[in-house]
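Undergrad:
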Amino acid sequence: MNADIVIVGAGLYGLTIAQQVVEHTKSRVLILDIRDHIGGNAYSYTDEETGAEIHKYGAHLFHTSNQKVWDYVNRFTSFTDYVHRVYATHDGEVYPLPINLGTINQFFHAHYTPAQAQSLIQEQAGELSGTHAHNLNDQGISLIGRPLYEAFIKNYTSKQWQTDPEDLPASIIRRLPVRFNYNNRYFNDTWEGLPTDGYTRWFERMIDNDRIEVKLGVDFFDLSQELNKSNLLGNVPIIYTGPVDRWFDYSLGDLSWRTVDFKERRYDEDDHFGCPVMNFSDADVPYTRAIEFKNFNPERYDKQNHERTVVWEEYSRFAHRGDEPYYPVNTKDDHRMYAQYRNLAEHEPQVVFGGRLGTYAYYDMHQVINSALNEYEHTISALLK
Ligand code: FDA
Numbered sequence: 001m002n003a004d005i006v007i008v009g010a011g012l013y014g015l016t017i018a019q020q021v022v023e024h025t026k027s028r029v030l031i032l033d034i035r036d037h038i039g040g041n042a043y044s045y046t047d048e049e050t051g052a053e054i055h056k057y058g059a060h061l062f063h064t065s066n067q068k069v070w071d072y073v074n075r076f077t078s079f080t081d082y083v084h085r086v087y088a089t090h091d092g093e094v095y096p097l098p099i100n101l102g103t104i105n106q107f108f109h110a111h112y113t114p115a116q117a118q119s120l121i122q123e124q125a126g127e128l129s130g131t132h133a134h135n136l137n138d139q140g141i142s143l144i145g146r147p148l149y150e151a152f153i154k155n156y157t158s159k160q161w162q163t164d165p166e167d168l169p170a171s172i173i174r175r176l177p178v179r180f181n182y183n184n185r186y187f188n189d190t191w192e193g194l195p196t197d198g199y200t201r202w203f204e205r206m207i208d209n210d211r212i213e214v215k216l217g218v219d220f221f222d223l224s225q226e227l228n229k230s231n232l233l234g235n236v237p238i239i240y241t242g243p244v245d246r247w248f249d250y251s252l253g254d255l256s257w258r259t260v261d262f263k264e265r266r267y268d269e270d271d272h273f274g275c276p277v278m279n280f281s282d283a284d285v286p287y288t289r290a291i292e293f294k295n296f297n298p299e300r301y302d303k304q305n306h307e308r309t310v311v312w313e314e315y316s317r318f319a320h321r322g323d324e325p326y327y328p329v330n331t332k333d334d335h336r337m338y339a340q341y342r343n344l345a346e347h348e349p350q351v352v353f354g355g356r357l358g359t360y361a362y363y364d365m366h367q368v369i370n371s372a373l374n375e376y377e378h379t380i381s382a383l384l385k
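Using UniProt numbering, the first residue of the sequence shown is number 1, and each one after it goes up by one.
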C-alpha cells in the first residue's frame, strides 16, 4: 500500500475528504468500502427496463441553504429544477403534504381562510390543554388536534416505529409543521434539485484524480485481507466512516438504529402514482410510503420506457446487527453509550471518526458534506503535514 491517508467508507463524507486531500496536498489517498459501489447510501443506478434512476438505499433529494456547500457540489454536478412534493393517501383520498391549507380544506370539506383554519386547529389542539403530554399520541393531539393527527400522523408513525404511539415518548415529535397557505413545497431550503446525470456520476467526478485509489468489496475489519484495521492502525492517518460501535467491537453495547426494507413492484403502465413519493397514512396498508423513481426525473422522458414503471414500497423496522443502519433511534441509553464510545474515539491515534455512522447521527447530504469540509480544514489537513 502506498497511500498517505486511508478513508474507510466511500459515502459522501469519505468522498469529500478524499477530494479535499488531493486538492490541498500532494498526498495519495486510499478509499476502502465494503460495498461494491461508491456513494454510500446516496448511491443510485439506472433500471434497465424502465430507465428510472433507482436510489438503492431510499429516496435521496438534495437540498441546502448553505452557500459554501451549494458552491462546492456545483463543481461536480449541475442540478435539475426538481422540487420535492409529497402526497398522502388517507381513507380513499389523496392529500398534499406537509399539512397545509389545501390538506385542511380537503379534509374538512371546507373553504377556510388562513385565519379560520388557524383558529380551528388551535381549538382542536386545545383538547388536552392543561395536561402533560405523556406519550407521542398526546403530543400529536396537542400540536395539531385529534382529527388531523389521527388521519395523517398516528398510523404512519406507528408503522415507522412498529409501536403504538401511546407507547412512544412524546419527545420523538417536538413540532408538526402546519402551513396556513397552499404552499406544499416539502423543503424550505434556498436550493434543491437532483444531480442532472445521476448521483453516481456526481460522485465519480469528485474523486476523478490519479492520486485517489478506491478498493471496493473490502471489509476493514476482515483480517483475512491485507487492508485491515490491525495492519493499518498507527501506520497512516485513518478517516473512519463506518459504525462507531463496530470499531470498538461493540464492547460497550450496540447503538440502536431503525432500518427500512424495500419491496419492489413493477406495473404495466407509464405512471402509477403521478408523483414520486406517496405516503400511506392508514393502518391497513402495511408500508409507510412508496417511491416511483421515474417521476423524480421527468426531464429524462425520452430515455424512459412508458409502458412500464417501477415502485419501491418501504417497510420500516428496528435494525439488528447485519441490517443497514438508517435512522439512529437515539434513546437515552444510546446517548449515554455514544458518549462513552466518543470518549474512546478521542484516544485513538491518528483516527478521525466522521459521517453519520462514525458519529451516530442523522445527517442530510448537505450536512455531511459541510461536516467533512470543516473537519478537513480543522483536523485532517494537520494530520497530513
Ligand atoms: P454513508 O452510509 O453513505 O457511507 C458510509 C460508508 O462506509 C458506506 O458506503 C459503507 O459501506 C462503508 N463502510 C461501513 N463499514 C465499513 C467497513 N467495515 N469497511 C469498509 N467500508 C465500510 N439526505 C438528503 O440530503 N436527502 C435525502 O432525501 C435523504 N434521504 C435519505 C433516505 C434514507 C432512507 C436514509 C437512510 C438517508 C437519507 N439521507 C438523505 C441521508 C444521506 O444518506 C446521508 O447524509 C449520507 O449518505 C451520509 O454519508 P456518509 O458518508 O456519512 O455515510
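In this text, a Cβ means the ideal position worked out from N, Cα and C, and glycines have one as well.
Note that the structure is a prediction, hence the values are computed from the model and not measured.
Go ahead and label Glu-299 buried or exposed: buried means 16 or more other beta carbons lie within 10 angstroms of its beta carbon, across all protein chains shown.
TA: By 1-based counting over the sequence shown, the position of residue 299 is 299. Classification for Glu-299: exposed.
Undergrad: Looking at C-beta atoms only, is the number of pairs between the stretch 270–288 and the stretch 376–385 that lie closer than 8 Å three or more?
TA: Too few Cβ pairs lie closer than 8 Å, so no.
Undergrad: From the DSSP output, in three-state form, read off Thr-80 for me.
TA: Locating residue 80 in the sequence shown gives position 80, counting from the first residue. Correct three-state label for Thr-80: coil.
Undergrad: To the nearest angstrom, how far is it from the Cα of Asp-197 to the Cα of Ala-42?
TA: Position 197 of the sequence shown, counting from 1, holds the residue named residue 197. Position 42 of the sequence shown, counting from 1, holds the residue named residue 42. Between Asp-197 and Ala-42, the C-alpha separation is close to 14 Å.
Undergrad: Let me know the secondary structure DSSP gives Phe-107 once reduced to three states.
TA: Within the sequence shown, numbered from 1, the residue matching residue 107 stands at position 107. If DSSP states are grouped into helix, strand and coil, Phe-107 belongs with the helices.
Undergrad: Check Thr-200 in the structure and name its three-state DSSP category.
TA: By 1-based counting over the sequence shown, the position of residue 200 is 200. Of the three classes helix, strand and coil, the one that applies to Thr-200 here is helix, per DSSP.
Undergrad: Classify Arg-201: buried if its beta carbon has 16 or more other beta carbons within 10 angstroms, exposed otherwise.
TA: For the purposes of this step, residue 201 is taken as residue 201 along the sequence shown, with counting starting at 1. It is exposed - the Cβ of Arg-201 has fewer than 16 other Cβ atoms within 10 Å.
Undergrad: In this structure, does DSSP put Met-278 in helix, strand or coil?
TA: Mapped onto the sequence shown, residue 278 falls at position 278. Strand.
Undergrad: Please tell me whether, using a cut-off of 6 Å, the distance from the CB of Thr-259 to the nearest non-hydrogen atom of ligand 1 is below it.
TA: Along the sequence shown, one-based indexing puts residue 259 at 259. For ligand 1, not one heavy atom lies less than 6 Å from the Cβ of Thr-259.
Undergrad: Check whether the Cβ of Ala-382 lies closer than 6 Å to any heavy atom of ligand 3, and answer yes or no.
TA: As presented, the structure is devoid of ligand 3, carrying ligand 1 as its sole ligands.
Undergrad: Considering only their Cβ atoms, is the gap separating Leu-128 from Ser-142 smaller than 7 Å?
TA: As a working note, residue 142 is residue 142 in the sequence shown. As a working note, residue 128 is residue 128 in the sequence shown. Contact: yes.
Undergrad: For Ser-158, collect the residues of the same chain with a Cβ closer than 8 Å to its Cβ; drop the 5 residues on either side in sequence, then sort them by chain order.
TA: Along the sequence shown, read from residue 1 onward, the residue named residue 158 stands at position 158. The answer, listed in chain order, is Asp-164, Pro-165, Ala-283.
Undergrad: Considering only the beta carbon of each residue, do Asn-105 and Tyr-95 sit closer than 7 Å?
TA: Residue 105 sits at position 105 when you count from the first residue of the sequence shown. Residue 95 sits at position 95 when you count from the first residue of the sequence shown. By the CB criterion at 7 Å, Asn-105 and Tyr-95 fall outside the cutoff.
Undergrad: Does the distance from the CB of Asp-189 to the CB of Ser-316 come in under 7 Å?
TA: The residue labelled residue 189 in the question sits at position 189 within the sequence shown. The residue labelled residue 316 in the question sits at position 316 within the sequence shown. Going by C-beta atoms, Asp-189 is not nearer than 7 Å to Ser-316.
Undergrad: Please state whether the Cβ-Cβ distance between Asp-334 and Ser-281 is less than 7 Å.
TA: Against the sequence shown, residue 334 aligns to sequence position 334. Against the sequence shown, residue 281 aligns to sequence position 281. Contact flag unset, no.
Undergrad: Need the endpoints of the alpha helix (DSSP H) that Val-368 sits in, please.
TA: Start at 1 with the first residue of the sequence shown, and residue 368 comes out as number 368. Taken as a continuous stretch (DSSP letters only), the alpha helix (DSSP H) holding Val-368 covers 365–375.
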